[in-house]
Every structure is written in structure tokens, then in C-alpha cells.
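**Student:**
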Amino acid sequence: TGVDLGTNGDRWRDIYVHNDIDLLDDGKLLIGTGDDLQVYHSGSHSFINNSTGNLNFQTSGNIWMENQGGTKVWIKAIANGQVELYHDNNVKTFSTESWGNTSYGQILKVLAGEGTDATLQLVCDDGDDNADLWQIFADASHGGLNIQNYAAGSWETNIVTYPNSSVDLNYDNALRLKTSSTGI
Numbered sequence: 026t027g028v029d030l031g032t033n034g035d036r037w038r039d040i041y042v043h044n045d046i047d048l049l050d051d052g053k054l055l056i057g058t059g060d061d062l063q064v065y066h067s068g069s070h071s072f073i074n075n076s077t078g079n080l081n082f083q084t085s086g087n088i089w090m091e092n093q094g095g096t097k098v099w100i101k102a103i104a105n106g107q108v109e110l111y112h113d114n115n116v117k118t119f120s121t122e123s124w125g126n127t128s129y130g131q132i133l134k135v136l137a138g139e140g141t142d143a144t145l146q147l148v149c150d151d152g153d154d155n156a157d158l159w160q161i162f163a164d165a166s167h168g169g170l171n172i173q174n175y176a177a178g179s180w181e182t183n184i185v186t187y188p189n190s191s192v193d194l195n196y197d198n199a200l201r202l203k204t205s206s207t208g209i
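Set out below in C-alpha cells:
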């Protein structure tokens, strides 16, 4: 049973608690006129459920997400600075920078589904000029690597590599040089 903290069925506007509030598993802390924000623990997992609008985290300092013991950092959102992602033993793997972002490590992997090209696009300034758009992709149709730029309203192939085979060099989307087992 609940306890009515107000008079005539009204809830109190302000409640001051100077110690802990203990709720049993699945007991919810309900906040908002329509109970729009709920905080609870299921016995196995903890939840913050916001059913309306944004869930905003605001602070004058940094936001860090880390394990319970504070020995492993997962995410750092640094006030007036970058956002950093970490892997396992506090190894920084990605960060935003004022000029873009940095990926740390030996490999930047682009995974595509079976039969789908894996594409990395490079866009200079706003990408509003034809020469500003480039892409490098693993071609699912032949397993090779293609380099293209966007010109005259469509993608033009500059270089095509084929596994255990040739390398093609193109000019204005037309083949100009091809390697073979005996040379060029």
C-alpha cells in the first residue's frame, strides 16, 4: 500500500530526504506528472526509462562511464573538449577533435554485409564540388579494391585491383593501363 504524503489526495510539492531511499527489486522511482521518468532495478539489471522528450545529462564538468570499481573507462565526454571511446584496459580507440576525429590502432575496419561493397568515403570541405568526393571500396562483385571520385554527376573509377590478377588504371572512367602476368 502507498502512503499519501499530501492532504485531500494532493501530493507534496517538495520532499526532502536526508538519508537513503530503499526500494525493493522492481520498485520504481517515478518522476514527472505522468511518471515519464522511471528509475528502477529488476534484481539483475538497472534501468533509466524516459518515455517523453530527451534524456539530458548536464554537468559543469566531465562525464565518464566506467566499470563499477572505476578501474576501466569506457567513454569520456570532456567538458569543452573531445569525446573519447576506450576498449578493455583503458586503451583509447577513438576521439573527436576540433578538426575532426582520430582512430587509434592499427586497423580501421569497415564491415559490410555479405555481397555488399565495404565503402570508405572521403569528403573535402562541404562536398559541393565534384573533385571533393572520393571513395575507396572493397568490391563485392569481384573481391578487389576500387578507388573512385565523383565527377560530372556520377562516380568514375580511377583504379581497380583484382585479387591474384590485374591492376587497372583509368582516365575519365576509361581503361588506359592494365597489368598482366607478363607485364603491362
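Position in the sequence shown (from 1) plus 25 gives the number in the working numbering.
Beta carbons are placed, not taken as given, at the ideal position from N, Cα and C, and that holds for glycine.
Remember, predicted model here, so these are calculated numbers, not experimental data.
Flag this pair as touching only if the segment 58-70 and the segment 81-99 have three or more C-beta atom pairs under 8 Å; answer yes or no.
**Tutor:** no
**Student:** In whole angstroms, give me the CA-to-CA distance for Thr48 and Tyr41.
**Tutor:** In the sequence on display, residue 48 carries Leu and not Thr. If I take the Cα positions, the gap works out to 17 Å.
**Student:** Could you pull out every residue in the same chain whose Cβ sits closer than 8 Å to the Cβ of Lys97, ignoring the five residues on either side in sequence?
**Tutor:** Taken in chain order, the residues that qualify are Glu91, Tyr111, Asp113, Asn114, Asn115.
**Student:** Enumerate in chain order the residues of its own chain whose CB-to-CB distance from Leu62 is below 6 Å, with the five nearest sequence positions on each side excluded.
**Tutor:** Ile56, Asn75
**Student:** Got a sec, what are the start and stop residues for the beta strand (DSSP E) Glu109 sits in?
**Tutor:** 108-112
**Student:** By the three-class DSSP mapping on this structure, what secondary structure does Asp61 have?
**Tutor:** coil
**Student:** So, under 8 Å CB-CB, Thr141 and Gln160 are touching, yes? Tell me the CB distance rounded to an integer number of Å.
**Tutor:** The Cβ separation is near 14 Å, so there is no contact.
**Student:** Quick check for students: name the residue ranges of the beta strand (DSSP E) that lie wholly in the segment 63-101, counting only runs of 3 or more.
**Tutor:** Counting only runs of 3+ residues, the beta strand (DSSP E) found wholly inside the segment 63-101 occupies 71-75, 88-91, in chain order.
**Student:** Assign Gln146 to buried or exposed, taking buried as 16 or more other Cβ atoms, counted over all protein chains shown, within 10 Å of its Cβ.
**Tutor:** When all chains shown are included, Gln146 counts as exposed.
**Student:** So, helix, strand or coil for Asp193, using DSSP?
**Tutor:** strand
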